[in-house]
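Working notes, structure below.
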Amino acid sequence: MKFNTKAIHAGQKNEETSGAVMPPIFQTSTYAQSAPNVHKGYDYARVGNPTRTALERMIAGLEGTDHCACFASGVAAMDALMKMFRPGDHVIASDDLYGGSYRL
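Take a look at the structure:
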């Protein structure tokens, strides 16, 4: 599959409830639960939502990998990244990096 075709179709699945071919944008922040902490995959939009899941699936498809993680901000991405390191580990990064990243 050529890149232009992948850019349109990578990682897409029909939306389960409506059968929509293109994923809809979910604007809700909370999701119904049958009991506390019993949900259908999503409980609060900041933790995850179907729109972000679709974006991550599409980017992973374009990059030829199984997984992708998208974040709401650069600070959130840096926080997740920094938690993967141990004292003494080294980070290789471009010189065009948010200035606060160097202080972390």
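In the numbering used here, the protein residues as written are 1025 to 1128.
In this text, a Cβ means the ideal position worked out from N, Cα and C, and glycines have one as well.
Model, not experiment: these values are computed from the prediction.
Distance from threonine 1075 to isoleucine 1049 at the Cβ level is roughly 5 angstroms; contact confirmed, criterion being Cβ atoms closer than 8 angstroms. Under the DSSP assignment, tyrosine 1126 falls in the alpha helix (DSSP H) whose first and last residues are 1123-1127. A residue is called buried when at least 16 other Cβ atoms come within 10 angstroms of its Cβ; methionine 1046 does not meet this threshold and is exposed. Valine 1099 carries a helical assignment under DSSP once its states are collapsed to helix, strand and coil. Beta-bridge analysis with DSSP links alanine 1044 to no other residue.
Counting along the chain, the unbroken alpha helix (DSSP H) around lysine 1030 starts and ends at 1027-1033. The three-state secondary structure of alanine 1117, taken from DSSP, is coil.
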